[in-house]
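Using full-length UniProt numbering, the letters of the sequence shown map in sequence onto residues 1 to 560.
Where is the CB? At the ideal position from N, CA and C, for every residue including glycine.
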Amino acid sequence: MKDVTPLTEDWNLRHEGALLPAQVPGCVHTDLMAARLIPDPLVGRNETEVAWVGARSWSYVTHLTHTSAHERSDLVFEGLDTAAEITLDGEVLGTTRNMHRGYRFDVTGRTGTLEVDFTSAYEEAARVRELTGERPNVYPEPFQYIRKMAANFGWDWGPTVVTAGIWRPVRLEHWSTARIAQVRPLVTVAQDGTGHVEVRLRIERTERGGGARLVARARVAGAVSEAVLDGEEAVLRLEVPDARLWWPRGYGEQPLYTLDLTLLDETAGDLDTWHRRIGFRTVELDRSADEHGTGCTFVVNGVRIFTRGVNWIPDDVLPSRVTPERYRARLTLAAEANVDLVRIWGGGIYEDDAFYDVCDELGLMVWQDFLFACAAYPEEQPLRGEVEAEARDNVVRLMPHASLVLWNGNNENLWGFRDWEWEPSLAGDSWGEGYYLGLLPRIVAELDPTRPYTAGSPWSGSWDHHPNDPRHGTHHSWEVWNRQDYAEYRASVPRFVAEFGWQAPPAMATLRRALPGEDLAPDSPACCTTRRPRTATESSTGVSRAISRCPRVTSTGGTT
């Protein structure tokens, strides 16, 4: 059986020639904070004080020791942020250029000093921009040139904190003969209520295991299926009569079934295992035309769902600090507010499986953006290969989750091309359309054909209509925040509002913790610092405009 050893202990961060204790998973900012070398970037005006961290290169170091009787040993990183070179005793194992995917390196029989050297994200973005040429975006930061959480470079709701580090777990895997390399469970429900699971399996063999006759065995709800593997791939099919259906919150229960997969050698026994929870349900996106335009309605198990959704941005600008407990607390609040859909916004990350596990349990549907937001993205190498690998990795990783109901190509980029003066400056250069209307839908159709795909949000279904036409498909409504009075919402009846709202101030207690000793007036320098420069004045003006229309409460409780 495969052995797995976590490699999360005894790491150090190299800082100005010295080695500091490092936490893995983690990032440079959290390690420097633990060493009291920088303040918390989320407190006061510290954001600018720690900006130098994102402009430097950093190294993580440990000593790799392992002994195993297995034929193969792999070093597996679930997430590296972002541009890194990995060396073992001075020999390069490989390089990485993507925060949103995992990496695997063969270290069989090798030990010594393991070093992960991170190049500044700014330096890597500049290198790629030099290769691909300039592309427009909405902020003066280079996030479209690097496959990294875009919001690390700041947004209209959050600070600029450009991270680096081993942000997801790292481990050693020791195995012999073969291992499970990829599992894709395609879950459907027949008209008679029978649940069908088609398990598409791919394995990797050692050189010695190349001729071994292997067996794959899948189990779910008492059903068992086996397949013999003479090569590297197999398909196993299971049926569950009268499968209990998974429903969105408010429409029914959320029964989950454990799907177990075992890879066996007929002579040596179990080689590897894989376990996930699945749910039986069907999902469609009804985009039928009608007398009003083009609809956009989720249909689960044949029932049209009235969507009550929210947009999810990363729960922390330092995402390695987010725990399963934080996910559960946040998502429970959403469920208690009668939310039934969470859209994971395209400027963030593909969340940890713990996020989707909670959504599975709570009946919160998940709309997953691919990670492109508010910018023109080059379609040339080296980015194109990274985009494809990233999409394939995450479609396969997330597809077991019953809560996942939609793949979406991007956030606001189709709208931006049409309305934000990108088209003239691009002058025919690539900008991402080939991803959203070509590459990504092909990947979803190939790997996860049980779920719908949309090219973007907002999107009206084709270029025949304006991308943000409220009569067709999804719509983003930001005129109230930007220009109009909130009462204008009464006159707005889009088909599906995927974004709207107002940048609200937090509770006073939160403001006092975040801005200790500062003047907390809305137009004070401290409060303006915690809002983005583009929106600080807009927000204050918008709030003042809205308040001016309302009756004022006097100290005696009356109105004026």
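Which residue comes first and which comes last in the beta strand (DSSP E) that contains residue i?
i: F417; result: It is not in any beta strand (DSSP E) - F417 instead sits in the alpha helix (DSSP H) that spans 413-419.
i: D393; result: Here D393 belongs to no beta strand (DSSP E); instead the alpha helix (DSSP H) covers 383-398.
i: A181; result: 178-189
i: V444; result: Not the beta strand (DSSP E): V444 falls in the alpha helix (DSSP H), residues 440-447.
i: R171; result: 170-175
i: E499; result: 496-500
i: T5; result: 3-6
With distances taken between CB atoms, is the gap from residue i to residue j smaller than 8 Å?
i: G432; j: A389; result: no
i: N410; j: G456; result: yes
i: R171; j: P25; result: no
i: G279; j: D357; result: no
i: I86; j: A121; result: no
i: C27; j: T160; result: no
i: G209; j: A178; result: yes
i: H275; j: E239; result: no
i: D106; j: D81; result: no
i: L19; j: D31; result: no
i: L264; j: V199; result: no
i: P467; j: L414; result: yes
i: E141; j: A83; result: no
i: H475; j: A498; result: yes
i: S492; j: S477; result: yes
i: R213; j: E226; result: no
i: R277; j: T262; result: no
i: W247; j: N301; result: yes
i: T454; j: L404; result: no
i: D286; j: V299; result: yes
i: R202; j: E232; result: yes
i: G348; j: P324; result: no
What are the start and end residues of the alpha helix (DSSP H) that includes residue i?
i: W481; result: 479-482
i: A521; result: Taken as a continuous stretch (DSSP letters only), A521 belongs to no alpha helix (DSSP H), as it is neither H nor E.
i: E284; result: That residue, E284, is in no alpha helix (DSSP H); its beta strand (DSSP E) goes 283-286.
i: P467; result: Note, P467: premise wrong, no alpha helix (DSSP H); not H, not E.
i: P424; result: 422-426
i: R512; result: 508-514
Tell me, which residues are paired with residue i by DSSP?
i: T267; result: T267 is not bridged to any residue.
i: S548; result: For S548, which the question treats as bridged, DSSP gives no partner whatsoever.
i: L406; result: W367
i: S460; result: Bridge partners of S460: none, in fact.
i: H472; result: T294
i: F372; result: The partner list for F372 (beta bridge, DSSP) is empty, contrary to what the question assumes.
i: W274; result: L261
i: Y377; result: Per DSSP, none; premise fails for Y377.
i: V299; result: E284, R304
i: T454; result: N408
i: A526; result: In the DSSP output, where bridge partners are listed per residue, A526 has none listed.
i: A289; result: T294
If you compare alpha carbons, which of the options is closest to residue i?
i: F306; options: L364, S477, I278, L32; result: L364
i: E16; options: G222, L88, S59; result: S59
i: A221; options: P255, E233, D31, A227; result: P255
i: residue 621; options: H174, A337, N394; result: It is not possible to answer for residue 621, since the shown part of the chain is limited to 1 through 560.
i: residue 574; options: A391, G428, S460, L426; result: Residue 574 is absent from the model: the chain starts at 1 and stops at 560.
i: A487; options: C528, G461, C550, A509; result: C550
i: V76; options: A83, W247, L93; result: L93
i: R244; options: A509, L271, T188; result: T188
i: T297; options: E198, A35, P494; result: P494
i: R219; options: P378, P185, V50; result: P185
i: S524; options: A164, R45, T30, V224; result: R45
i: H100; options: A329, R168, N12; result: R168
i: D429; options: F105, L131, A126, A51; result: L131
i: P41; options: T206, P248, R129, L318; result: L318
i: residue 594; options: R513, L371, V228; result: Residue 594 falls outside the range modelled here, since the chain spans only 1 to 560, and no answer is possible.
i: R328; options: A354, P470, T510; result: A354
i: residue 581; options: P142, H472, F153; result: Because the chain in this structure spans residues 1 to 560, residue 581 falls outside the shown range and cannot be described.
i: I166; options: R97, Q144, L37; result: R97
i: W157; options: N311, G302, D10; result: N311
i: W367; options: P382, P241, A337, A402; result: A402
i: H63; options: R308, G112, M508; result: G112
i: M149; options: H66, R36, G295, D369; result: D369
i: E207; options: Y435, D3, L114, S176; result: S176
i: S68; options: T108, S288, G54, T95; result: T108
Which ranges would you report for the alpha helix (DSSP H) in the segment 304-370 if only whole runs of at least 4 residues count? 324-336, 353-362
Within the UniProt domain "Beta-mannosidase-like galactose-binding" (11-168), note down every full alpha helix (DSSP H) run reaching 4 residues or more, in order along the chain. 28-34, 46-49, 121-132
Residue ranges of each beta strand (DSSP E) run of no fewer than 3 residues wholly in the segment 185-263, ordered along the chain? 195-205, 214-220, 223-229, 233-240
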